[in-house]
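2 protein chains.
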Amino acid sequence: MKTEKLHRLIWMSRPLMQAAEACVEAGLKGTGLTVRMRAVLEILHRYGEQTVPDIAARLEIKRQYVQIMCNETLASGFVEQRANPRHKRSPILALTGRGLDLIEKIISRELKLMEEVGENLSNEDISKALDVVLAVTDSLKKRAGEKI
Amino acid sequence: MKTEKLHRLIWMSRPLMQAAEACVEAGLKGTGLTVRMRAVLEILHRYGEQTVPDIAARLEIKRQYVQIMCNETLASGFVEQRANPRHKRSPILALTGRGLDLIEKIISRELKLMEEVGENLSNEDISKALDVVLAVTDSLKKRAGEKI
DNA sequence: TCAAAATGACAAGTATAATGTCAAAATGAA
DNA sequence: TTCATTTTGACATTATACTTGTCATTTTGA
Numbered sequence: 144m145k146t147e148k149l150h151r152l153i154w155m156s157r158p159l160m161q162a163a164e165a166c167v168e169a170g171l172k173g174t175g176l177t178v179r180m181r182a183v184l185e186i187l188h189r190y191g192e193q194t195v196p197d198i199a200a201r202l203e204i205k206r207q208y209v210q211i212m213c214n215e216t217l218a219s220g221f222v223e224q225r226a227n228p229r230h231k232r233s234p235i236l237a238l239t240g241r242g243l244d245l246i247e248k249i250i251s252r253e254l255k256l257m258e259e260v261g262e263n264l265s266n267e268d269i270s271k272a273l274d275v276v277l278a279v280t281d282s283l284k285k286r287a288g289e290k291i
Numbered sequence: 144m145k146t147e148k149l150h151r152l153i154w155m156s157r158p159l160m161q162a163a164e165a166c167v168e169a170g171l172k173g174t175g176l177t178v179r180m181r182a183v184l185e186i187l188h189r190y191g192e193q194t195v196p197d198i199a200a201r202l203e204i205k206r207q208y209v210q211i212m213c214n215e216t217l218a219s220g221f222v223e224q225r226a227n228p229r230h231k232r233s234p235i236l237a238l239t240g241r242g243l244d245l246i247e248k249i250i251s252r253e254l255k256l257m258e259e260v261g262e263n264l265s266n267e268d269i270s271k272a273l274d275v276v277l278a279v280t281d282s283l284k285k286r287a288g289e290k291i
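Protein chains in written order, with the working numbering: chain S, 144 to 291; chain X, 144 to 291.
In structure tokens, the structure reads:
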């Protein structure tokens, strides 16, 4: 029974993710941003200006794809290149004024959504759920790594 | 703070899903099955023999793609077609003996993994976590639907 | 100094779908 | 029974979100 619930919890990750992504996508309508452009803006907002390989490391996806995401984002004008004193070939990406305004608006809208979603849930329950999910993810990661 | 934890919980869905899928994939090595073929076998095992459109409805993905999945699975010999008295054009798919053996072996292996992963977690915690995740998913689904 | 690593750019491939269309078959209402 | 509608399999196209591989340049670090 414990096992069965754990199984259900784990496989709820897909519908949960899909629902969350649908919400993000819905919140992007009219902004001119795509989901992946938003991801770039969010990283720059949360962790500060940085290079493409830095962003790739944060997102844990290959730099070649992040390069594409970042090039698109650059083209949008919400992000700009700045000279990188540490590496001539790898400019630093930074939010422009418009980019900062936009991502802050988007994030605050998303946080408001979080508040609404959490309305009927206690802090304690959310906290416990997060702990469980973290532990399960960690455990699965280890076991997948072993087997492959 | 509650909001922030909820945010983290929601976005753990991606790494959780990826870790779970990696485990499933690792467990399929040497069986000749792909992840999507396994999905077909699992549905047939859990809900019994049924047609392609039925499977598509269960998986909540378009029948055209499920058709491809099923055709692959048919080619593998783990599933076979049976005449459908209710619809001449739409045969019923059923597990073959080999298919049944294989999916049962895979499921039992995966359940054992569930037990290991749940070792250090209480029934109650898992139960609560599942409730929270179900509630959050439901809430997000509603809100995404409204906005789009 | 020089081999190794990092980076941007580009090409190709893979997995997981959605969408559109067609023809044959099945269904259901008049 | 008929006939419009729906269902189904098959096939084609497109999209998204990646990975992998390669190349030339640049940077680094021993």
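We put the CB at the ideal spot given by N, CA and C, even for glycine.
Give the DSSP bridge partners of S:Arg225, in chain order.
S:Ile235
Whole runs of the alpha helix (DSSP H) within the stretch 182-225 of chain X, excluding any shorter than 4 residues
195-202 and 206-219
Which of helix, strand or coil does DSSP assign to X:Asn263?
coil
Is S:Val276 near X:Ala272, with beta carbons less than 8 Å apart?
yes
Beta-carbon within less than 6 Å of S:Pro196's beta-carbon, same chain only, minus the 5 sequence neighbours each way: which residues are those?
Arg206
Output yes or no for whether 8 Å exceeds the beta carbon distance between S:Arg241 and S:Gly220.
yes
For X:Glu185 and chain S, any beta-carbon pair shorter than 8 Å?
no
Are there three or more Cβ pairs, one per stretch, closer than 8 Å when the stretch 236-250 of chain S is compared with the stretch 220-231 of chain X?
no
Quick check on the DSSP output: the alpha helix (DSSP H) that includes S:Leu149 runs from which residue to which?
Residues Lys145 to Trp154.
If we count the other Cβ atoms within 10 Å of its Cβ and call it buried at 16 or more, is X:Ile211 buried or exposed?
exposed
Please compile the residues from chain S whose C-beta is within a distance smaller than 8 Å of the C-beta of X:Lys205.
Here the premise fails: no neighbours, minimum Cβ distance about 14 Å.
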